[in-house]
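Engineer: If you read the sequences in order, they're chains F and U. Going by our numbering, the residue at position 96 of the first sequence is 96; the numbering climbs one at a time, nothing skipped. Going by our numbering, the residue at position 118 of the second sequence is 1118; the numbering climbs one at a time, nothing skipped.
There are 2 protein chains.
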Amino acid sequence: MLYPSKLIEDAVNEISKLPGIGKKTALRLTLHLLKQDENATEKLSEALINLRKKTKYCRICHIISDSEDCTCESIRKDSSILCVVEDTPDVIAIQNTAQFYGYFHVLGGIISPMEGVGPGELNIESLIDRVKKSSGLIKEVILALSPTMEGDTTAFYIAKKLKPFNIKITTIARGIPIGGELEYADEITLGRSIVQRLEYDATTN
Amino acid sequence: MLYPSKLIEDAVNEISKLPGIGKKTALRLTLHLLKQDENATEKLSEALINLRKKTKYCRICHIISDSEDCTCESIRKDSSILCVVEDTPDVIAIQNTAQFYGYFHVLGGIISPMEGVGPGELNIESLIDRVKKSSGLIKEVILALSPTMEGDTTAFYIAKKLKPFNIKITTIARGIPIGGELEYADEITLGRSIVQRLEYDATTN
């Protein structure tokens, strides 16, 4: 593409490096910013720089946080349940359900031999340490990982590591999504949801 | 949405102010930047700030440019044709066709009583001036405006203003897009494309 200005070209190039944003969208965003108040662009830039320079990871739960001691072990209610997730978006998603009141532990990724990610690169050792140090306070670990090959491998690895502590290990329910149509569900999900069928409860259904 | 960090929240809020980007996409972009090198975010921020602070509008053609004297009247070939467009993206689109070698004139908008944009807010006076000052050098003005109500109104207004100069006034061809299916074309477009039919030319068809 030919741009009338080097400055536009630079901005388009930088914006289009973001995932899911092509050159056309980048150009649209660039021209949008040009039409806005100068202040709007300044605030955007500042927020990005602050984000990148100031965010830290909590030493305990490895969640992205404003400080190295996040509120992970104080504000949430139930210290006996620990929910293990792949990354921060999962924490946000689970928090937004308002159905979980325990602690989180962010792995920072998932075991994936294809992408060269082994257990050593993830926060698994610190999870084991955390369970160990809780001296029986943590009674249940929920493995809230995606039901993919990598997610299952990671869950299997962690479950094996946690076995000596004799705590309850659970995984999020897999099945037909609420609102989903049976006929369009894939065979594996449908099959599992029949094998792992639940007692019908008129109060929740 | 609950965010684990105020910094993430700020970044998400700023990014989601951009057109077509919601909170979820903004969060995805934010977490992407956090995973990238710090340098990537710095370059993005810098490009945005430079864009907003340093871009100027050319005094002659009103195109967005790095300086107030863009190369509008030097590098392009044919000084006898002037193409009038609504805004900078149109200039980029037409340049990318590599079918036009004349000069451009950016109106900076389109007459739209609904949005309170009158002829006075657009670069129409400067277009008339430009044609006047060219003392006959500009022989044709192409009105490359969108075939909408507003575009047609603006074209009509400009055509009337340019009438005294006795130059050729043309408009971009309207018709069935190349690759388009006849049966799906709207009636007005199809009707016009029959009324304004062209002599069949085996060399270009």
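For glycine and all other residues, C-beta sits at the position ideal for the given N, C-alpha and C. From a predicted model like this one, the values you see are computed outputs, not experimental measurements.
Mind listing the chain F neighbours of R1028 (chain U)? Cutoff is C-beta to C-beta under 8 Å, in chain order.
Structural biologist: What R1028 (chain U) touches in chain F: P19, G20 and P89.
Engineer: What are the complete beta strand (DSSP E) segments, minimum 3 residues, inside the region 94-167 of chain F?
Structural biologist: 103-106 and 140-143, all fully within the region 94-167 of chain F.
Engineer: Is there contact here, the region 12-19 of chain F with the region 1115-1134 of chain U, by at least three beta-carbon pairs under 8 Å?
Structural biologist: The region 12-19 of chain F, when compared against the region 1115-1134 of chain U, does not touch it at the 8 Å Cβ threshold.
Engineer: Count Cβ pairs between the region 1142-1162 of chain U and the region 1078-1091 of chain U that sit closer than 8 Å; are there 3 or more?
Structural biologist: Touching, yes, given that three or more Cβ pairs across the two stretches are closer than 8 Å.
Engineer: Hey, does T1041 (chain U) have any beta-carbon neighbour from chain F nearer than 8 Å?
Structural biologist: Chain F contact via Cβ: present.
Engineer: Under 8 Å between C-beta atoms, does L1198 (chain U) make it to chain F?
Structural biologist: L1198 (chain U) does not count as touching chain F.
Engineer: Determine, using beta carbons only, whether L1048 (chain U) and L34 (chain F) come nearer to each other than 8 Å.
Structural biologist: For L1048 (chain U) and L34 (chain F), no; Cβs fall outside 8 Å.
Engineer: By the 10 Å Cβ neighbour count, where 16 or more other Cβ atoms means buried, how is Y1184 (chain U) classified, buried or exposed?
Structural biologist: Classification of Y1184 (chain U): exposed, given that the 10 Å Cβ count is below 16.
Engineer: Leaving aside the five residues before and after A26 (chain F) along the sequence, list all residues of the same chain whose C-beta is less than 7 Å from its C-beta, in chain order.
Structural biologist: V12, I15 and S16, listed in sequence order.
Engineer: With distances taken from CA atoms, which of U:S1005, U:E1140, U:G1175 and U:K1132 is nearest E68 (chain F)?
Structural biologist: Of U:S1005, U:E1140, U:G1175 and U:K1132, the residue nearest in Cα terms is U:S1005.
Engineer: Put I63 (chain F) into one of helix, strand or coil per three-state DSSP.
Structural biologist: In this structure, I63 (chain F) counts as coil in the three-state DSSP scheme.
Engineer: What separation, rounded to the nearest whole angstrom, lies between the Cα atoms of V91 (chain F) and M149 (chain F)?
Structural biologist: Cα to Cα, the separation comes out at about 21 Å.
Engineer: Give me the Cβ distance between T1171 (chain U) and A1155 (chain U), rounded to the nearest whole Å; I'm assuming they're in contact under 8 Å.
Structural biologist: Sure, about 6 Å apart at Cβ, within 8 Å.
Engineer: With DSSP as the reference, please indicate the residues paired to L1182 (chain U) in a beta bridge.
Structural biologist: According to DSSP, L1182 (chain U) bridges with nothing at all.
Engineer: For I194 (chain F) versus G151 (chain F), is the C-beta distance shorter than 8 Å?
Structural biologist: No. Outside cutoff.
Engineer: Name the chain F residues that come within less than 7 Å of L1031 (chain U), Cβ to Cβ?
Structural biologist: Chain F residues near L1031 (chain U): T88 and P89.
Engineer: Could you tell me the alpha carbon to alpha carbon distance between N166 (chain F) and L198 (chain F), rounded to whole angstroms?
Structural biologist: Taking the straight line joining both Cα atoms gives about 26 Å.
Engineer: Nearest chain F C-beta to L1007 (chain U) closer than 8 Å, yes or no?
Structural biologist: For L1007 (chain U), the answer is yes, since a Cβ of chain F falls inside 8 Å of its Cβ.
Engineer: So what does DSSP say about I172 (chain F), is it helix, strand or coil?
Structural biologist: It is coil, neither helix nor strand.
Engineer: So, helix, strand or coil for L198 (chain F), using DSSP?
Structural biologist: Coil, per DSSP.
Engineer: When you compare the CB of L82 (chain F) with every CB in chain U, is at least one pair closer than 8 Å?
Structural biologist: It does not: the Cβ of L82 (chain F) has no partner Cβ on chain U nearer than 8 Å.
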